[in-house]
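Report on the following structure.
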Amino acid sequence: MKRRTATILATVFAVAAASTAAFFALPASAETAAFTVQNTWSNGYQGQVTVNNTSSSAINTWKVELTFPAGTTVAQSWNTTQAASGNSYTFTPAGWNATIAAGASTSFGFIVNGTGRPTSCLVNGQACTGTTPPGPSASTSTPPADGTPVGVNGQLKVCGTKLCNERGQVVQLKGMSTHGLQWFPNCYTDASLDVLANEWNSDLLRIAMYVQEQGYETDPAGFTNRVNNLVEEATERGMYAMIDFHILTPGDPAFNLERAKTFFAQVSARHAAKKNVIYEIANEPNGVSWAQIKNYAEQVIPVIRANDPDAVIIVGTRGWSSLGVSEGGNSSEIVNNPVNASNIMYTFHYYAASHKDNYRAEVERAAASLPLFVTEFGTVTYTGGGAVDTASSNAWFDLLDRLRIGYANWTFSDANEGSAALRPGTCNAGSFAGTGSLTESGAMLRNRLRAG
Ligand code: IDC
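In our numbering, the protein residues as written are 611 to 1062.
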């Protein structure tokens, strides 16, 4: 143990010494840095700093120091290594972006809790007097006029550990998941989807296509068609459409590998030109190793990419998409052995009455290194039934909002179980508007989504 500690300390010391040498070797005005605000919300904002090398030779490293007013903190950053001392934050390279060629620049981003802007900014010890380099910036681009989630945000992409819109602003999508399409066809109609989009302000429709349990495997063409139709319905309403390949039992995604390849080849070909389709390739792997899930992902992702190269793809995680926690593991197995693909995120699922502090702690830890999407959660127990756990649900919402992690609630349906948003009989009656048909969970979600 002692030997190990000594070695690590020695390494850190060596790196620090090298960095210091590099700073002093630089010409006095080699770097400038520009701080910009990319996106704001009621109690926070997304900042970015671009470090420019204005000299005619490469620089080997950089250091940006930002000081914030009391009450404002940096929650997270990406493309950088962050250290804090009181209200002062030091940002150094992430590892791969230390060297900046002559005339080039590099940027890093961060999420701020609180509204205070930096009161001081230093780059390699000098005041950040630089200007934003040429190119699109948040302040010059104009969101499309239609005001829908897709109209405003366009094609999404993974940016560091976050999800960004087409202007590079972090976005947190909030929406609803269908129940199994095989069981609740009357819940997904023009009328219900109008209410979901226009009244609930849902950013997202997750389309849960079970593979077993009388799902896809019984009628591949029919279920592919239903999914395609729901993607079109979401698109018409400016919502993102998340195509969920809802494997559950058996939990090994390899059992459905050939079905997944066939299905995703077809739906990605059909929707390749759209900006609003997100692919979720394995709902809840269970009873399998992370290596097996990764292997599945690395076979399915190229099938989608061949048709739709820029779509965001979400990969399920071990233990019913618990980042491994429900099977005694944790997210380190993913961090140490990530899926070999870009523009992907990892799934986390929770049910608030069953999954509490230890799961929240793991999400917070994982979110520092992995892009996460809560593609399914319930306000009740993991069975899908039971009472709403208001305290745990609110603790989850607070965490996800703080980390800007998107979510979809199970379910926008009238199933006879506590997780359903609509009371039994609502879908046959076709009475979706207002609050009269909502369960306790439905009322909680409608309020959340309407609040934005
Ligand atoms: C549940 C449904 C329930 C159905 C059961 C089996 O709510 O009506 O009988 O599936 O298909 C998940 C799964 C999701 C589960 C949900 C609640 O992704 O399919 O739905 N849940 O048990 N993971 C954790 C909980």
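No residue lacks a Cβ here, since even glycine has one placed at the ideal position from N, Cα and C.
Checklist entry - In terms of alpha-carbon separation, which member of G1040, L1013, R1056, R1012 lies closest to W1020? => result R1056
Checklist entry - By the 10 Å Cβ neighbour count, where 16 or more other Cβ atoms means buried, how is W706 classified, buried or exposed? => result exposed
Checklist entry - Since V733 and E641 are thought to touch, with beta carbons under 8 Å apart, how far apart are those beta carbons, to the nearest angstrom? => result 5 Å
Checklist entry - Beta-carbon separation of F720 and V684 under 7 Å? => result yes
Checklist entry - In the structure shown, what three-state DSSP assignment does T957 receive? => result strand
Checklist entry - Taking the C-alpha atoms as reference points, what is the distance between S1041 and L806? => result 12 Å
Item to check | Neighbour-count burial assignment, G861, 16 or more Cβ in a 10 Å radius | outcome: buried
Next on the checklist: Classify Q779: buried if its beta carbon has 16 or more other beta carbons within 10 angstroms, exposed otherwise.
Outcome noted: buried
Next on the checklist: Taking 6 Å as the cut-off, is the C-beta of N893 nearer than that to any heavy atom in the ligand IDC?
Outcome noted: yes
Next on the checklist: Comparing C-alpha positions only, which one of S1029, T845, T771 sits nearest to Y960?
Outcome noted: S1029
Next on the checklist: Does the contact criterion of 3 or more C-beta pairs under 8 Å hold for the stretch 889-898 versus the stretch 851-861?
Outcome noted: yes
Next on the checklist: At a threshold of 6 Å, does T989 count as lining the ligand IDC (C-beta to nearest heavy atom)?
Outcome noted: no
Checklist entry - For the ligand IDC, is there a heavy atom less than 6 Å away from the beta-carbon of E823? => result yes
Checklist entry - According to DSSP, which residues form a beta bridge with L676? => result Y699, C731
Checklist entry - For T985, is the classification buried or exposed, using 16 other Cβ atoms within 10 angstroms of its Cβ as the cut-off for buried? => result buried
Next on the checklist: Strictly by DSSP, which residues pair up with F718?
Outcome noted: V659
Checklist entry - In chain order, what residues of the same chain have a beta carbon less than 6 Å from the beta carbon of C774, not counting five sequence neighbours either side? => result K767, V780
Checklist entry - Any heavy atom of the ligand IDC closer than 6 Å to the CB of Y992? => result yes
Item to check | V898, DSSP secondary structure in three states | outcome: coil
Checklist entry - For T739, is the classification buried or exposed, using 16 other Cβ atoms within 10 angstroms of its Cβ as the cut-off for buried? => result exposed
Next on the checklist: So, at 6 Å on beta carbons, what are the nonlocal neighbours of K673 in its own chain, with the 5 sequence-adjacent residues on each side left out?
Outcome noted: T702, N734
Checklist entry - Would DSSP call M1054 helix, strand or coil? => result helix
Checklist entry - If you measure from the CB of A1025, is any heavy atom of the ligand IDC nearer than 6 Å? => result yes
Checklist entry - What residue does the beta strand (DSSP E) around R816 start on, and which one ends it? => result 814-820
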